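First the structure, in the form of structure tokens, and then the observations on it.
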Amino acid sequence: AQKITQTQPGMFVQEKEAVTLDCTYDTSDPSYGLFWYKQPSSGEMIFLIYQGSYDQQNATEGRYSLNFQKARKSANLVISASQLGDSAMYFCAMREAYTDKLIFGTGTRLQVFP
Amino acid sequence: EPEVTQTPSHQVTQMGQEVILRCVPISNHLYFYWYRQILGQKVEFLVSFYNNEISEKSEIFDDQFSVERPDGSNFTLKIRSTKLEDSAMYFCASSDKGTGTYEQYFGPGTRLTVT
Numbered sequence: 001a002q003k004i005t006q007t008q009p010g011m012f013v014q015e016k017e018a019v020t021l022d023c024t025y026d027t028s029d030p031s032y033g034l035f036w037y038k039q040p041s042s043g044e045m046i047f048l049i050y051q052g053s054y055d056q057q058n059a060t061e062g063r064y065s066l067n068f069q070k071a072r073k074s075a076n077l078v079i080s081a082s083q084l085g086d087s088a089m090y091f092c093a094m095r096e097a098y099t100d101k102l103i104f105g106t107g108t109r110l111q112v113f114p
Numbered sequence: 115e116p117e118v119t120q121t122p123s124h125q126v127t128q129m130g131q132e133v134i135l136r137c138v139p140i141s142n143h144l145y146f147y148w149y150r151q152i153l154g155q156k157v158e159f160l161v162s163f164y165n166n167e168i169s170e171k172s173e174i175f176d177d178q179f180s181v182e183r184p185d186g187s188n189f190t191l192k193i194r195s196t197k198l199e200d201s202a203m204y205f206c207a208s209s210d211k212g213t214g215t216y217e218q219y220f221g222p223g224t225r226l227t228v229t
């Protein structure tokens, strides 16, 4: 069974608009962490934002925020005021308790147009 | 800002040859990882390494793979006899659990092409 599901293979957004990238996860562990990474066309993996399962508030990092809905097991990434440089693949990932490994989703390709 | 570095950026090798991919993790990090990403697919965990031993590995990480920390700075992934299906981007990552977030910092990757 998929642990991390990203249902949007591609998304388009106009510059300066906000966009939400969806991520749902599946785990029975009460303790886990959720991550979003950005992968530009150059290939590197850039950490964007983290949400712990016990965190009471949604994580925010600059223009990135994570809409964490624990009951729905979703951890959507919201990018506000999109910029052309935001065009990239975005991966959602999860780390469960007692393990170090990150489990990645299949990614969403975001394209920002002027 | 400290970063993970990887060499080479691109490696081309013939099937059956051995390759060693090199990584220099962030200096005060103690946990090291290798992931791979076959072109167009998701990133997959290979192995994690702590205190000079493997702490976890995936089913992909079979006897053809090995990891080593030969000195205080390098972390290597060796593939003994490469297959065509080993062609992928290989990412090294490191983390410092002291941060609490367990964020893993990724290197820029090594693209391995097996011909």
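Chains as they are written, first to last, in the working numbering: chain B, 1 to 114; chain U, 115 to 229.
Every residue, glycine too, gets a C-beta built ideally from N, C-alpha and C.
Here the structure is a predicted model, which is why all the values come from computation and not from measurement.
Inter-residue Cα distance where the pair is residue i and residue j
i	j	result
U/Gly212	U/Gln218	Here U/Gly212 scores only 49 on pLDDT, less than 50, and its place in the model should not be relied on; the value that follows carries that caveat. Whole-angstrom Cα-Cα distance: 12 Å.
U/Glu132	U/Ser209	28 Å
B/Cys92	B/Phe35	6 Å
B/Asp55	B/Ser28	17 Å
B/Gly10	B/Ser42	18 Å
B/Ser65	B/Asn58	7 Å
B/Asn67	B/Ser53	12 Å
B/Lys3	B/Tyr25	5 Å
U/Gly221	B/Gln69	31 Å
B/Pro114	U/Leu226	35 Å
U/Asn142	B/Glu44	21 Å
U/Leu153	B/Asp86	21 Å
U/Asn188	U/Ser180	14 Å
U/Pro116	U/Pro139	9 Å
U/Glu182	B/Val13	44 Å
U/Asn166	U/Ala207	15 Å
U/Tyr164	U/Lys171	12 Å
U/Ser169	U/His124	28 Å
U/Thr224	U/Thr119	10 Å
B/Pro40	U/Tyr204	16 Å
B/Thr60	B/Ile49	7 Å
U/Val157	U/Tyr149	7 Å
B/Thr5	B/Arg63	23 Å
Chain B residues whose Cβ lies nearer than 9 Å to that of residue i
i	result
U/Ser180	Chain B residues near U/Ser180: none, gap ~18 Å exceeds 9 Å.
Environment of residue i [buried if 16+ CB atoms lie within 10 Å]
i	result
U/Ser162	buried
B/Thr121	Missing from the structure shown is residue 121 of chain B; chain B here goes from 1 to 114 and no further.
B/Leu84	exposed
B/Asp100	buried
B/Lys16	exposed
B/Lys88	Going by the sequence as given, residue 88 of chain B is Ala instead of Lys. By the 10 Å Cβ count, B/Ala88 comes out buried.
U/Tyr147	buried
U/Val228	buried
B/Gly33	buried
B/Gly105	buried
B/Ser82	buried
B/Tyr37	buried
U/Glu173	exposed
Residue-level contact to chain A via CB, residue i, 7 Å cutoff
i	result
B/Ala71	Structure shown: chain A not included; protein chains present are B and U.
* In the stretch 36 to 64 of chain B, which residues sit with their C-beta less than 9 Å from some C-beta in chain U, listed in chain order? -> For the stretch 36 to 64 of chain B, which is checked against every Cβ of chain U, the residues closer than 9 Å are Tyr37, Gln39, Ser42, Gly43, Glu44, Met45, Ile46, Phe47, Tyr50, Gly52.
Worksheet item: Between the stretch 79 to 110 of chain B and chain U, which residues of the former have a C-beta closer than 9 Å to a C-beta of the latter?
Response: Those would be Phe91, Ala93, Arg95, Thr99, Asp100, Lys101, Leu102, Ile103, Phe104, Gly105, Thr106, Gly107, in chain order.
Indicate whether the contact test is met: 3 or more Cβ pairs, each with one atom in the stretch 64 to 82 of chain B and one in the stretch 7 to 21 of chain B, closer than 8 Å. yes
Residues, ordered as in the chain, of the stretch 197 to 222 of chain U that lie near chain B by beta-carbon distance below 9 Å | Of all residues in the stretch 197 to 222 of chain U, Met203, Phe205, Ala207, Ser209, Lys211, Gly214, Thr215, Tyr216, Glu217, Gln218, Tyr219, Phe220, Gly221, Pro222 have a Cβ within less than 9 Å of some Cβ in chain B.
Q. Contact between the stretch 183 to 202 of chain U and the stretch 120 to 129 of chain U: three or more CB pairs below 8 Å?
A. yes
Discussion item. Does the contact criterion of 3 or more C-beta pairs under 8 Å hold for the stretch 176 to 193 of chain U versus the stretch 132 to 142 of chain U?
Written reply: yes
Taking Cβ-Cβ distances below 9 Å as the criterion, which residues of the stretch 17 to 38 of chain B are in contact with chain U? From the stretch 17 to 38 of chain B, only Gly33, Phe35, Tyr37 have a Cβ closer than 9 Å to chain U.
If contact means a Cβ-Cβ distance below 7 Å, which residues of the stretch 155 to 174 of chain U contact chain B? Lys156, Val157, Phe159, Ser162, Ser169, Glu170
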